[in-house]
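Colleague: Residue numbers (this note's numbering): 24 to 170.
Quick reminder that beta carbons are idealized off the backbone N, C-alpha and C, glycines included.
1) How about residue 143 and residue 134: are their beta carbons less than 7 angstroms apart?
2) Measuring CB to CB, does residue 60 end up less than 7 angstroms from residue 96?
3) For a test of the three-state rule: what should DSSP assign to residue 41, helix, strand or coil?
4) Is the CB-CB distance between residue 94 and residue 123 below 7 angstroms?
5) So residue 97 is in the beta strand (DSSP E); what residue range does that whole segment cover?
6) Which residue wins for smallest C-alpha separation from residue 64, given the options 131, 55, 132, 150?
7) Give the secondary structure of residue 147 by DSSP, where H, G and I count as helix, E and B as strand, and everything else as coil.
8) For a test of the three-state rule: what should DSSP assign to residue 132, helix, strand or coil?
9) Report the rounded CA-to-CA distance for residue 98 versus residue 72, giving the unit in angstroms.
10) For residue 154, report the span of its beta strand (DSSP E) as first-last.
11) Secondary structure at residue 110, three-state DSSP: helix, strand or coil?
12) Would you mind giving the Cβ-Cβ distance between residue 56 and residue 162, rounded to the nearest angstrom? I have them listed as a contact below 8 angstroms.
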(Lines of atoms letter the chains of each structure in order from A; the text may use other names.)
(Lines give C-alpha, C1' and ligand atoms only; values in the text may rest on other atoms or scores of the structure.)
Protein backbone atom coordinates (compact mmCIF):
# COMPACT_ATOMS: atom_id res chain seq x y z
CA UNK A 24 0.00 0.00 0.00
CA UNK A 25 1.37 3.43 -0.97
CA UNK A 26 2.21 5.86 1.83
CA UNK A 27 2.15 8.92 -0.40
CA UNK A 28 0.64 12.01 1.16
CA UNK A 29 -2.77 13.01 -0.19
CA UNK A 30 -2.83 15.94 -2.57
CA UNK A 31 -3.28 19.26 -0.74
CA UNK A 32 -6.62 20.93 -1.20
CA UNK A 33 -6.61 24.37 -2.86
CA UNK A 34 -6.85 27.28 -0.43
CA UNK A 35 -9.52 29.10 -2.43
CA UNK A 36 -12.61 27.78 -4.13
CA UNK A 37 -12.23 27.10 -7.83
CA UNK A 38 -14.32 29.22 -10.17
CA UNK A 39 -15.75 26.19 -11.98
CA UNK A 40 -18.57 23.68 -11.48
CA UNK A 41 -16.37 21.53 -9.20
CA UNK A 42 -17.12 23.83 -6.26
CA UNK A 43 -19.32 21.25 -4.47
CA UNK A 44 -16.49 18.70 -4.61
CA UNK A 45 -13.96 21.31 -3.41
CA UNK A 46 -16.26 22.25 -0.51
CA UNK A 47 -16.83 18.60 0.38
CA UNK A 48 -13.05 18.14 0.55
CA UNK A 49 -12.62 21.18 2.81
CA UNK A 50 -15.23 19.86 5.25
CA UNK A 51 -13.24 16.73 6.00
CA UNK A 52 -11.74 16.49 9.48
CA UNK A 53 -8.43 18.32 9.74
CA UNK A 54 -9.00 20.90 7.05
CA UNK A 55 -11.18 23.28 9.03
CA UNK A 56 -10.04 26.74 10.05
CA UNK A 57 -9.77 27.74 13.70
CA UNK A 58 -12.05 30.29 15.30
CA UNK A 59 -10.56 33.06 17.47
CA UNK A 60 -12.95 35.32 19.41
CA UNK A 61 -12.36 38.17 21.80
CA UNK A 62 -14.71 40.54 23.57
CA UNK A 63 -14.47 44.32 23.89
CA UNK A 64 -16.17 45.31 27.15
CA UNK A 65 -18.58 48.22 27.48
CA UNK A 66 -18.04 48.77 31.20
CA UNK A 67 -15.20 48.85 33.68
CA UNK A 68 -15.19 46.57 36.69
CA UNK A 69 -16.71 49.39 38.79
CA UNK A 70 -19.70 49.39 36.37
CA UNK A 71 -18.79 52.76 34.79
CA UNK A 72 -19.38 52.93 31.01
CA UNK A 73 -16.28 52.96 28.82
CA UNK A 74 -16.04 55.94 26.48
CA UNK A 75 -13.49 54.26 24.20
CA UNK A 76 -15.14 50.90 23.43
CA UNK A 77 -15.36 51.71 19.70
CA UNK A 78 -11.64 52.55 19.61
CA UNK A 79 -10.73 49.26 21.30
CA UNK A 80 -12.96 47.40 18.82
CA UNK A 81 -11.28 49.16 15.90
CA UNK A 82 -7.84 48.24 17.22
CA UNK A 83 -8.92 44.62 17.74
CA UNK A 84 -10.32 44.38 14.20
CA UNK A 85 -7.08 45.74 12.75
CA UNK A 86 -4.95 43.43 14.88
CA UNK A 87 -6.93 40.31 14.06
CA UNK A 88 -7.09 41.29 10.39
CA UNK A 89 -3.31 41.54 10.36
CA UNK A 90 -2.74 38.36 12.40
CA UNK A 91 -5.39 36.13 10.85
CA UNK A 92 -6.33 37.66 7.51
CA UNK A 93 -9.67 39.18 8.52
CA UNK A 94 -12.14 39.73 11.34
CA UNK A 95 -15.79 40.54 11.91
CA UNK A 96 -17.23 42.60 14.76
CA UNK A 97 -20.66 42.02 16.26
CA UNK A 98 -22.18 44.93 18.19
CA UNK A 99 -25.71 43.98 19.25
CA UNK A 100 -24.79 41.76 22.19
CA UNK A 101 -25.64 41.73 25.85
CA UNK A 102 -23.89 39.76 28.51
CA UNK A 103 -23.19 39.31 32.17
CA UNK A 104 -20.02 38.40 34.04
CA UNK A 105 -19.71 37.05 37.58
CA UNK A 106 -16.89 38.82 39.42
CA UNK A 107 -15.81 36.12 41.88
CA UNK A 108 -13.15 38.36 43.40
CA UNK A 109 -15.89 40.82 44.40
CA UNK A 110 -18.24 38.42 46.16
CA UNK A 111 -19.77 37.02 42.98
CA UNK A 112 -21.19 40.38 41.95
CA UNK A 113 -22.88 40.21 38.53
CA UNK A 114 -21.75 42.82 36.03
CA UNK A 115 -23.92 43.67 33.01
CA UNK A 116 -22.10 44.28 29.75
CA UNK A 117 -22.80 45.11 26.10
CA UNK A 118 -19.61 43.72 24.57
CA UNK A 119 -18.49 43.90 21.00
CA UNK A 120 -17.43 40.44 19.84
CA UNK A 121 -14.54 40.25 17.39
CA UNK A 122 -14.20 36.97 15.50
CA UNK A 123 -11.62 35.63 13.07
CA UNK A 124 -11.55 32.37 11.19
CA UNK A 125 -7.85 31.65 11.03
CA UNK A 126 -5.49 29.09 9.60
CA UNK A 127 -4.03 26.77 12.26
CA UNK A 128 -0.47 27.88 11.46
CA UNK A 129 -1.42 31.48 12.26
CA UNK A 130 -3.17 30.54 15.50
CA UNK A 131 -0.14 28.51 16.67
CA UNK A 132 2.44 31.17 15.68
CA UNK A 133 4.23 32.25 18.89
CA UNK A 134 4.81 35.81 17.67
CA UNK A 135 1.11 36.22 16.84
CA UNK A 136 0.08 34.69 20.16
CA UNK A 137 2.33 37.25 21.87
CA UNK A 138 0.82 40.17 19.93
CA UNK A 139 -2.71 39.04 20.79
CA UNK A 140 -1.81 38.54 24.47
CA UNK A 141 -0.17 41.98 24.66
CA UNK A 142 -3.28 43.61 23.20
CA UNK A 143 -5.57 41.78 25.63
CA UNK A 144 -3.38 42.67 28.62
CA UNK A 145 -3.22 46.32 27.59
CA UNK A 146 -6.98 46.46 27.05
CA UNK A 147 -7.73 44.69 30.34
CA UNK A 148 -5.52 47.07 32.29
CA UNK A 149 -6.65 50.29 30.59
CA UNK A 150 -10.35 49.42 30.77
CA UNK A 151 -10.08 48.20 34.39
CA UNK A 152 -11.37 44.67 33.83
CA UNK A 153 -11.33 41.81 36.31
CA UNK A 154 -10.43 39.57 33.38
CA UNK A 155 -10.52 39.58 29.59
CA UNK A 156 -11.33 36.53 27.51
CA UNK A 157 -10.16 35.00 24.29
CA UNK A 158 -11.77 31.92 22.77
CA UNK A 159 -9.89 29.45 20.58
CA UNK A 160 -12.41 27.14 18.94
CA UNK A 161 -14.53 25.94 21.89
CA UNK A 162 -12.13 26.77 24.74
CA UNK A 163 -12.25 30.08 26.61
CA UNK A 164 -9.13 31.48 28.25
CA UNK A 165 -9.16 34.29 30.81
CA UNK A 166 -6.36 36.77 31.33
CA UNK A 167 -6.41 38.61 34.63
CA UNK A 168 -2.73 39.39 35.20
CA UNK A 169 -1.93 42.43 33.09
CA UNK A 170 1.77 42.81 33.97
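Modeller: With the given structure in hand:
1) no
2) no
3) coil
4) At the C-beta level, residue 94 and residue 123 come within 7 angstroms of one another.
5) 95-97
6) Of all alpha-carbon atoms in 131, 55, 132, 150, the one lying nearest the alpha-carbon of residue 64 is that of 150.
7) Helix.
8) coil
9) Rounded to whole angstroms, the gap between the alpha carbons of residue 98 and residue 72 is 15 angstroms.
10) That residue, residue 154, is in no beta strand (DSSP E); it is neither H nor E in DSSP.
11) When secondary structure is reduced to three states using DSSP, residue 110 falls in the coil class, being assigned neither helix nor strand.
12) With a Cβ gap of about 16 angstroms, residue 56 and residue 162 do not count as contacting.
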